[in-house]
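A short write-up of the structure that comes next.
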Amino acid sequence: MSAFLFYLFATLTLGSALLVVLNRNAVSAAMSLFLAFIGMAGLFVLLEAYFLALLQVMVYAGAVVVIFVFIVMLLDVDKLPRQRLDKLSKVAATLAFALMVTGVFWLFNKEQFTAPALPAEATGAVLKTYGRQLFTTYLLPMQVTGFLLLSAMIGVIVISKKSALAATEETQ
34 MSAFLFYLFA TLTLGSALLV VLNRNAVSAA MSLFLAFIGM AGLFVLLEAY FLALLQVMVY
94 AGAVVVIFVF IVMLLDVDKL PRQRLDKLSK VAATLAFALM VTGVFWLFNK EQFTAPALPA
154 EATGAVLKTY GRQLFTTYLL PMQVTGFLLL SAMIGVIVIS KKSALAATEE TQ
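The sequence shown: position 65 = 98 (the numbering used here), numbered continuously.
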């Protein structure tokens with residue numbers, strides 16, 4: 034039964050993530066992102082990480098997706114003219130893709146996949162252990178995630194300022 038649930042949640046997560054990338058409608062992409070977060074929460078439940086599953090649903094599926102939908106509605110993305118990518122954007126996208134491919138090759142070419150030994154108190158859903166792991170072992174991924182969210186927020190502010198300026202110029 035757990036193997037079936039794993040495949041179900043993994044398929045839901047991967048399929049929804051693919052729809053996020055391929056969907057042209059921003060609202061539908063945000064709803065697909067919501068489904069991907071729900072699938073990840075299901076995978077956390079299967080790993081018996083109930084606290085992380087709860088955080089996944091409350092923080093990401095709840096707050097982040099609502100903010101994305103609000104921003105999409107605020108910007109009215111469908112009415113904005115499509116812009117062509119300049120050379121800097123193409124170079125940045127190519128560099129990011131190359132970095133991702135290099136990371137995947139590095140991950141799968143490691144000789145051993147051994148996890149560090151967990152302390153004895155990590156056998157349950159102990160918040161102190163989560164906090165210790167979060168700010169020691171997983172500090173870099175958490176900082177990278179925070180930086181990505183900050184850069185996305187700055188990008189939204191820049192886009193909304195541009196669209197606000199364009200709207201005021203049209204009315205004058």
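For each residue, glycine too, the CB sits at the ideal point set by N, CA and C.
Residue burial annotation: Thr127 is exposed, with fewer than 16 other C-beta atoms found within 10 angstroms of its C-beta. The way I'd put it, the stretch 71-83 does touch the stretch 36-55; three or more beta-carbon pairs between them come closer than 8 Å. In this structure, the beta-carbon distance from Leu108 to Ser193 falls below 9 Å.
Taking Ser65 as the centre and dropping the five residues before and after it, the same chain places the C-beta of Ser49, Leu52, Val53, Asn56 closer than 7 Å to its C-beta, in chain order.
Annotation: Leu121 to Phe37 spans about 45 Å, alpha carbon to alpha carbon. Around Val60, the same chain offers Val102, Val105 as residues with beta carbons nearer than 7 Å, after the five sequence neighbours per side are excluded. The residues Leu85, Ala86, Gln89, in chain order, have a CB closer than 7 Å to that of Phe77 in the same chain once the five nearest residues on each side in sequence are set aside.
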